[in-house]
Each structure stands twice: as structure tokens, then as C-alpha cells.
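S.K.:
There are 2 protein chains.
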Amino acid sequence: MIKIALDAMGGDFGPEVTVLGAMAAVKELSNVEITLYGKEEEILKYLTNNERIKVVHCESVIDMGETDPIRAIRKEKDSSLVKALESVKNNENQAIVSAGATQALVVGAHLIIRRMKNMHRVALAPIMPTLDKRGLILLDVGANVELRPEHLYELAVYATIVAKLYLKRENPKVGLLNIGSEKGKGREVDNEVYELLENSELINFIGNVEGVDIFTTEADIVVTDGFSGNLVLKTIEGTAKAMGEMLKEEIAASLGGKIGYLFMKKNLRNFKKRLSSSEVGGTLVYGLNSPVIKAHGSSDARAIYNAIRQAVLFTEANIIENVNKELEKIVQK
Amino acid sequence: MIKIALDAMGGDFGPEVTVLGAMAAVKELSNVEITLYGKEEEILKYLTNNERIKVVHCESVIDMGETDPIRAIRKEKDSSLVKALESVKNNENQAIVSAGATQALVVGAHLIIRRMKNMHRVALAPIMPTLDKRGLILLDVGANVELRPEHLYELAVYATIVAKLYLKRENPKVGLLNIGSEKGKGREVDNEVYELLENSELINFIGNVEGVDIFTTEADIVVTDGFSGNLVLKTIEGTAKAMGEMLKEEIAASLGGKIGYLFMKKNLRNFKKRLSSSEVGGTLVYGLNSPVIKAHGSSDARAIYNAIRQAVLFTEANIIENVNKELEKIVQK
Numbered sequence: 001m002i003k004i005a006l007d008a009m010g011g012d013f014g015p016e017v018t019v020l021g022a023m024a025a026v027k028e029l030s031n032v033e034i035t036l037y038g039k040e041e042e043i044l045k046y047l048t049n050n051e052r053i054k055v056v057h058c059e060s061v062i063d064m065g066e067t068d069p070i071r072a073i074r075k076e077k078d079s080s081l082v083k084a085l086e087s088v089k090n091n092e093n094q095a096i097v098s099a100g101a102t103q104a105l106v107v108g109a110h111l112i113i114r115r116m117k118n119m120h121r122v123a124l125a126p127i128m129p130t131l132d133k134r135g136l137i138l139l140d141v142g143a144n145v146e147l148r149p150e151h152l153y154e155l156a157v158y159a160t161i162v163a164k165l166y167l168k169r170e171n172p173k174v175g176l177l178n179i180g181s182e183k184g185k186g187r188e189v190d191n192e193v194y195e196l197l198e199n200s201e202l203i204n205f206i207g208n209v210e211g212v213d214i215f216t217t218e219a220d221i222v223v224t225d226g227f228s229g230n231l232v233l234k235t236i237e238g239t240a241k242a243m244g245e246m247l248k249e250e251i252a253a254s255l256g257g258k259i260g261y262l263f264m265k266k267n268l269r270n271f272k273k274r275l276s277s278s279e280v281g282g283t284l285v286y287g288l289n290s291p292v293i294k295a296h297g298s299s300d301a302r303a304i305y306n307a308i309r310q311a312v313l314f315t316e317a318n319i320i321e322n323v324n325k326e327l328e329k330i331v332q333k
Numbered sequence: 001m002i003k004i005a006l007d008a009m010g011g012d013f014g015p016e017v018t019v020l021g022a023m024a025a026v027k028e029l030s031n032v033e034i035t036l037y038g039k040e041e042e043i044l045k046y047l048t049n050n051e052r053i054k055v056v057h058c059e060s061v062i063d064m065g066e067t068d069p070i071r072a073i074r075k076e077k078d079s080s081l082v083k084a085l086e087s088v089k090n091n092e093n094q095a096i097v098s099a100g101a102t103q104a105l106v107v108g109a110h111l112i113i114r115r116m117k118n119m120h121r122v123a124l125a126p127i128m129p130t131l132d133k134r135g136l137i138l139l140d141v142g143a144n145v146e147l148r149p150e151h152l153y154e155l156a157v158y159a160t161i162v163a164k165l166y167l168k169r170e171n172p173k174v175g176l177l178n179i180g181s182e183k184g185k186g187r188e189v190d191n192e193v194y195e196l197l198e199n200s201e202l203i204n205f206i207g208n209v210e211g212v213d214i215f216t217t218e219a220d221i222v223v224t225d226g227f228s229g230n231l232v233l234k235t236i237e238g239t240a241k242a243m244g245e246m247l248k249e250e251i252a253a254s255l256g257g258k259i260g261y262l263f264m265k266k267n268l269r270n271f272k273k274r275l276s277s278s279e280v281g282g283t284l285v286y287g288l289n290s291p292v293i294k295a296h297g298s299s300d301a302r303a304i305y306n307a308i309r310q311a312v313l314f315t316e317a318n319i320i321e322n323v324n325k326e327l328e329k330i331v332q333k
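Chain order of the listed sequences is D and X. Residues 1 to 333 in our numbering are what the first sequence lists, from first letter to last. Residues 1 to 333 in our numbering are what the second sequence lists, from first letter to last.
1. Quick check: the Cα distance between X:G260 and X:D132, rounded to an integer number of angstroms?
2. Can you tell me whether DSSP reads X:E33 as helix, strand or coil?
3. Beta strand (DSSP E) containing D:I43: first to last residue?
4. Would you verify that the beta carbon of D:I43 is, or is not, closer than 7 Å to some beta carbon of chain X?
5. Can you tell me whether X:Y286 is helix, strand or coil according to DSSP?
6. In chain B, what lies closer than 7 Å to X:I251 by C-beta?
7. Quick check: is the beta carbon of D:M64 nearer than 7 Å to any beta carbon in chain X?
8. Please specify which runs of the alpha helix (DSSP H), each continuous and at least 4 residues long, are wholly inside the stretch 260-330 of chain X, giving them in chain order.
9. Quick one: residues in its chain with C-beta nearer than 6 Å to the C-beta of D:K258, no 5 flanking neighbours on either side, listed in chain order?
10. Between the stretch 244-254 of chain D and the stretch 98-113 of chain D, do three or more beta carbon pairs fall short of 8 Å?
11. Could you tell me whether the Cβ atoms of X:T224 and X:L177 are closer together than 7 Å?
12. Which residues in chain D sit within 7 Å of X:K183, going by Cβ to Cβ distance?
13. In this structure, what does DSSP give as the bridge partners for X:L20?
14. State the DSSP-derived secondary structure class of D:K173, mapped to helix, strand or coil.
15. Just tell me which of X:K325, X:Q332, X:I319 has its CA closest to the CA of X:Q94.
16. Would you kindly check if the distance between the Cβ of D:P126 and the Cβ of D:L196 is under 7 Å?
17. Counting pairs of beta carbons, one from the stretch 178-188 of chain D and one from the stretch 200-213 of chain D, are three or more of them closer than 8 Å?
18. For the stretch 136-152 of chain D, list every residue whose C-beta sits within 8 Å of some C-beta in chain X, in sequence order.
19. If I measure Cβ to Cβ from D:N118 and keep anything under 6 Å in the same chain, skipping five residues before and after, which residues do I get?
20. Consider the Cβ of D:K89: report whether some Cβ of chain X lies at a distance smaller than 7 Å.
21. Between the Cα of D:E59 and those of D:H151, D:K45, D:K77, spot the shortest distance and give me the residue it belongs to.
22. If I follow the unbroken alpha helix (DSSP H) through D:S98, where does it start and stop?
23. What first and last residue would you give for the beta strand (DSSP E) that runs through X:L139?
24. Mapping the DSSP letters down to three states, classify X:L124 as helix, strand or coil.
25. What residue does the beta strand (DSSP E) around X:G207 start on, and which one ends it?
26. Please tell me whether D:L131 has its Cβ less than 7 Å away from any Cβ of chain X.
27. Between X:V56 and X:K89, what straight-line distance do the alpha-carbon atoms span, to the nearest angstrom?
28. So with Cβ pairs under 7 Å, would you call D:M128 a contact of chain X?
29. Checking the sheet assignment: what are the DSSP bridge partners for X:K3?
30. Would you mind giving the Cβ-Cβ distance between X:K294 and X:G281, rounded to the nearest angstrom? I have them listed as a contact below 8 Å.
31. List the residues of chain D that X:D220 touches, going by C-beta distances under 9 Å, in chain order.
32. Is there at least one Cβ from chain X nearer than 7 Å to D:A242's Cβ?
33. Figure out for me which residue from X:I113, X:A253, X:F13 has the closest Cα to the Cα of X:R302.
34. Using the Cα positions of D:E92 and D:M1, report the straight-line distance between them to the nearest angstrom.
35. So which residues of chain D does X:M246 contact, with C-beta pairs closer than 8 Å?
36. Between X:S298 and chain D, is any beta-carbon pair separated by less than 7 Å?
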């Protein structure tokens, strides 16, 4: 049995979707046991099946718009997020899933679950859609606005293990986000990262990847600092939204467009779905002693189910243990 | 008469499009005189009308893929780019347009036309499409990988004058590209820029702008360092391309899609046009003693015409003189 802690109050829709997501997970995954953390009376409104699902009542909730996450984590000991994190720390559960405020989850996991011994930073690492539907890992997208080269290197090693064991890529290719394809492009920090990755035996480095190639690169992993990664992630989201609007406007601009629309309604709906998935599933938080999955704030029950599934696969694959082994090789040098 | 120097050899298609663009410009703009710099025999193949068009023969061409632009500018004295730049420096022409290698143009303009007295950096500042078709200025997109806050501030002042006199915005709004909307987000450098812009009387600062809002922000100008700006520019381009491919795939996936396509062919063509215009017209190079316009490498004759038109409007509006006056106010403080 894999035991997952689920922050039932996190996300824009709270228990209404988290409870349904949990019930879907126990139905489809025979080896999962879920504990829901949150307001019992609200959870019980939606919980119609409690096979392999437990409920732990929590008095409070950390707000989605929390601006001082460190204070919130330290003060709100009875919140659903803190109690769920504590359960992982105490080995009652093996991994945590939350759709709550990102910074509160990252800070809370940092303070309670703690960083792995040989990791110096945590990172947010979503899986981005690619044109060939294979997907790639982009990191960091916001946990660290700036990153020292040696810390980014550790994160690249972590991502390599995830790509191998979780995405099943044979010899995962790592690219460095940059503003030119040739070596020597970018800032001083990018050049230092380039050197480190190029000379590492633990990394299959393929050089720089530009923003224009983010959907078509052969890289399985693209690394950068949290400021740059967040810019790219958000720009993709903004561009996709704007493109969707533009397409709507152009179709509505003539009768031919409107008639054509009737024929290709379904096709356009599929297109919209591909546009809107700026990330595939939940975002993995790298660097902690247990798996931490951040589900989208706007997650529906299906997205919560997917995030739970990710947590299960992540735990089964022993990612963290394997990363620890790899990092020992760096430390021993 | 406004006198424009045109690097006839620059761009992916050379004289075949630059000459046609120049002829279109003299036809549509009664106050422009153009000098074409390049290989005479190639230019004359396409030049069927030489009213207000002169040709200056140049022996060599700086390659589009030039990797050492400083060396190229210093050595290739007889290249079309260097001769065109020299003509502006010597006041034979008032502005230059080139679709050649970006870095060669920036470095060449820097070395030959020289920086304005009170500007400490040059910047590449394209006009980006917005959902409402108004357009906004994004800078820097690659001239400086890193920028000191006070230099970014000077560039914001420059952009404000361009938005007023060239884009005809009344009190242009300036936003700072960042990874959160609240003050205090981002790197140390972003916070320093925020302070400077917020406290300036020369700038109408509206705070942070995130990547997700780049098509919908109310800002007329979005400022950042050249690394971040280039990432955003290229990510928009890559996303738009990928979205176009995805739409094609989805439409081709069913008969309904294919029939619908026949009805909305024209609409989809218009959509594609909006997708592909990752920039509006040429990119202005800020900070030099004369107007410098970088046309897209893949420019067709229409795009060359548009870049010439930009150079004319830019010159007519006395942008540089007006920027000088504004910058004096900073210096006097």
C-alpha cells in the first residue's frame, strides 16, 4: 500500500473536487490509501465511499492568497496543509498532494518535510506539453528567483532520475534554457551552468535550448533559474490564451467562418484542450525528503486524481532514494 | 526630404526584396530619398525605377551568421552595412534600415554612429502585438544580457518618448516584466528597477507585468533585461508556431474538420497571419545618435517598406532630440 496525504481544502474548489478525486484514485489504483486533511463536515458532504480513505479533521485552512507563507506555516499548526505535511514527516504517509497556495506548500514542505541531505535547493518542476505529446521537464519555474550553478546542477541530476524512472526515458537529454544556441551565449551564470553540465558524467547534456524551441526540442529536461523558468511558463500560458481569443475573433468575422465552425466544433474543442494544458498533471517539488506534488489551483476532480496518481508512481519508483545515490557521487568527488 | 540608408544586401533574401521595398517606399512616401548600399550588379537586376533612389556599390557583405561582429565591422570596411552606417555618421543620411545580422547591426551602429551622450546602453525594442491590436513596446530583447537599474531607467525614458511621439499614446504606461504582480517580487535587480521607476517623474509606472498578461496588459511599454526579454519574445514565437501546428493536426484529424476547413480557409489564413507576426514591423535600436531600424531577417518587400516607413516616422518625430531633452532632466538631478 502507498499512503498519500491529500490537503482536502487546497485549490479553488476545495473538498468538492479533492474528495471526488480521492474516491476516483482508490477506485482506479488498487495500491493506494488516502488520508484527507480538512474540515470534516465539509469533506463528509462529498465522501460517499470510504474504502481506503481516512479523514483527519483540521480546524483551519491556509488561504490561496496567503502573502506571508512562512508566518502562516509556523502559526497555523491546525491547518489542513500543516497537518498533512506533519503526517508525511512522521511517516504516517509517504507523499503529499495539495492544490493550495504554491509558496505555502513549498515553504511548508521545506520547514516540515525538510530538504534532502545533499540537495541545497528545492525546485518546482512541471512537465510541459511538447508538439509530439512526449512532454518535457522544465525547472525551476519559481521556487528560486536566482540559482547558483552547482545548485542547478544538483536539480538537473534530480530531473534526470525523474525522467528515467518516472517518464521512462532511456538516457534523458538535458538542455539549458538560453538566448542563443551556441556555447557562450547568455549571462555569466548560464555559462557556468553550461560548463558544469557539459563536463558531468551524470548528465546527458545537449547544449542550449531557446524559447522558440520549447515545444519541439529533443531535450527531455530544460533547466534554468526560477525567474526565467517562470517567465517562460507564464508566457506560454498567456500566448496560448491570446491565440485562442484571436482564433475565436477570426472565426466570428465572417459567415464562412461560422459555418465552418459547425463542422469542426469537436476539432476546435480538442485544440482548446491542448492549448489550455500549459502543464501536464501536477508540478513536482524536487529536493525534499518525501514526494510533494503541487496540483493546479484550478484543478477539477480528474486533475486531483492525476496528481494522486503521480504521487503514487513517484513513490513506487523510489525517486528520492535513487537521487540520493546519484548525489553521493558528486559529494564524493 | 528624409534621407534613409538601406543595407540592400541584408536579410535572408537580399536585393530581391530590399530593392522592391525601397521602390514601394518612394512610391508611397513622397518625402523619402533612399540610398541602397550593396553589389551594384545585383541591385540593378531589380531596380526598375530610380526616382529618389541612389545606389552605392559595396564590394562585400557581412554574413547573416557572423559570429564575431566586432571583428567583421572593423575589418569589412567595404561591406554594405559599414558603408550604410558611415553615411549616417557623416550626415549623408538620417537613418539606417537593415535586415542583416542583428548583432552586427547593433555593434556596428555602436562603433560607427555611436551612443547618445546621456544613454549608457543601447537596446532592441520591438513592438509586440496585443490582443486589442494596439501593440506595446518590449525592451530589451537581447542587446544587453544584463542591465543595471539606472540604465534600464534611461531606456524606459527613451521608450516613453517613442510611445508618445511615434505610437501617439498620451501618457504612456510603463510596466516591469516580473514573475508576480505585487511589489517585492522577482530578483534584487527587479526590485531596484521597480523603485527607480516608481519614484520617477518622467515615467508613468503601473507596476509589474507577468508573462501571462503580455497580450492583454494595459501597459504601453514593458521593460526588462535583454536575457528575459529575449526569452519572452522567443517563447511567444515558439508557442505561436506550436499552436499553429496543433490546430492543423486537430483539423486534419476528422472529416468534419476537413469540411469545416473549406468554409473557414480565409479566417484561418487571417489567424495564421496574426500568429506569425511575433513583432510589428522592424525592431528599433534605442540609444544611438541616429535612428536605426532592424528589419526581420525573413522580411519580404512589404516588411522592408514598413521598416523604411518606420525610419521616416521616427526621424520626422525628432525622437532622439526629444529623448536628449528628457535625459538632461535626469542628469541635472
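Glycine included, C-beta positions come from ideal geometry on N, C-alpha and C. Note that the structure is predicted; figures quoted are calculated from it, not measured.
M.R.: Quick answer:
1. 27 Å
2. strand
3. D:I43 -> not in any beta strand (DSSP E); alpha helix (DSSP H) instead, spanning 40-46.
4. no
5. strand
6. Looking for chain B here will not work: the only protein chains present are D and X.
7. no
8. 265-276, 301-316
9. none
10. no
11. yes
12. Under the 7 Å cutoff, chain D gives no residues; its nearest Cβ is about 11 Å from X:K183.
13. X:L20 is not bridged to any residue.
14. strand
15. X:I319
16. no
17. yes
18. G142, V145, E146
19. L327, V331
20. no
21. D:K77
22. D:S98 -> not in any alpha helix (DSSP H); beta strand (DSSP E) instead, spanning 95-98.
23. 136-139
24. strand
25. 204-209
26. yes
27. 16 Å
28. no
29. X:E33
30. The Cβ separation is near 10 Å, so there is no contact.
31. Per Cβ cutoff of 9 Å: no residues; X:D220 is ~17 Å from chain D at best.
32. yes
33. X:F13
34. 12 Å
35. L131, F271, R274, L275
36. no
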